[in-house]
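Numbering (my numbering), first residue to last: -7 to 330.
Scroll down for the structure; my scribbles are underneath it.
Shown next as structure tokens:
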């Protein structure tokens, strides 16, 4: 990887939220917990609060992403709020331009639009989401991004289809990815790029290298901006944080087995729950996770920053207890000097 200037301190910290529905709770409580966490994050000085689009998943309440973003933006006053991301193959670009144009009109200067290329669900659900567009496919993603960008740009002479509200709002667009494709497209279009290393870390370093090496400056983004996704769980002790982490490990173990469900309660020991092969697979998917006491997490963040040169970290914290999740972000803010 090419050498980059060492950051004198931690880069901005942001939050990625899937509005987790936890075991023995409800979607209604998950949504209220997300709104409360966003208000907490604003007080703690986090840069942005992003919500992720997923569908037909028992453990995720953020399916109506733009609606939840509006509720969070309305409950806060300064933190940037956005999508991490909107899965564009599920939607007509005009619909997203209207949704986020409305949000940007209601909350000027505070809305981000992160776009992903994956459907964020299974095949039957994807068809149910966009069945009226038989030609919808991931291969149309670059064209859809450009079409969406045009709807949010200043109106052009002779433009027939417009997003109202939306036209001229120029909502900042980010590309999200978990492979090299997203990095190449973000570099070509001159857009900021967020890598989903919190669940797909294998190509992180190669993607960052490609993005920076191939970046074409744009008017709005003269320099590349790379955001790195991490799982971070902070507690008073390493042992406490590691126990909280078992909820996420169980969720990824379920994914290995084709089992979905609410976010499980933490357990004292994972060894009795998985085979050696399953453990290895989960550890690979969760390789970009920093778990422990404030000291342990500080050391982990320093090492990750040195390795990646990230311009920003976006942090997911999937723990069962809402109070422990808020406490984790509070401790993390202290570690980063927020």
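All C-beta atoms in this analysis are idealised placements derived from N, C-alpha and C, irrespective of residue type, glycine included.
A buried status is given to residue 170, since no fewer than 16 other beta-carbon atoms sit within 10 Å of its beta-carbon. Residue burial annotation: residue 306 is buried, with at least 16 other C-beta atoms found within 10 angstroms of its C-beta. The alpha-carbon separation between residue 300 and residue 152 amounts to approximately 44 Å.
Exclusion of the five residues before and after residue 273 leaves 248 as the residues of its chain whose Cβ lies within less than 7 Å of its Cβ.
Take the alpha-carbon of residue 159 and the one of residue 165: they are about 14 Å apart. Taking every protein chain shown into account, the CB of residue 310 has 16 or more other CB atoms within 10 angstroms, so this residue is buried. Ranked by Cα distance from residue 59, the first of 218, 85, 35, 98 is 98. Within the model, the alpha-carbon separation for residue 239 versus residue 257 is close to 6 Å. When DSSP assignments are scanned along the region 68 to 126, the uninterrupted stretches of beta strand (DSSP E) that are 3 or more residues long and fall wholly within it turn out to be 72 to 79, 103 to 108. Cβ neighbours of residue 320 within its own chain (closer than 6 Å, five residues either side excluded): 225, 226, 309. With a contact defined as Cβ atoms closer than 8 Å, residue 73 and residue 41 qualify at about 5 Å.
A Cβ-Cβ contact shorter than 8 Å links residue 145 with residue 162.
When 4, 54, 78 are compared, the shortest CA-CA separation from residue 24 is found for 54. Counting C-beta atoms within 10 angstroms of its own C-beta, residue 43 has 16 or more neighbours from the protein chains shown and is therefore classed as buried.
No Cβ-Cβ contact shorter than 8 Å links residue 186 with residue 172. Nearest C-alpha to residue 243 among 12, 293, 8: 12. Within the region 215 to 285, complete beta strand (DSSP E) segments of at least 3 residues are found at 218 to 226, 281 to 284, given in chain order. Taking a C-beta distance under 8 Å as the contact criterion, residue 57 and residue 78 qualify as a contact pair. Per DSSP, reduced to three states, the secondary structure at residue 313 is coil, with no helix or strand assignment. In this structure, the alpha-carbon of residue 251 lies about 33 Å from that of residue 304.
The DSSP-derived three-state label of residue 186 is strand.
The three-state reading of DSSP puts residue 13 in coil, since its state is none of H, G, I, E or B. The region 288 to 302 and the region 191 to 202 touch, with no fewer than 3 CB-CB distances between them shorter than 8 Å. Residue environment: residue 235 is assigned as buried (16 or more neighbouring CB atoms within 10 Å of its CB, all protein chains considered). Inclusion of residue 63 and residue 27 in the CB contact set at 8 Å is warranted, their separation being smaller than that value.
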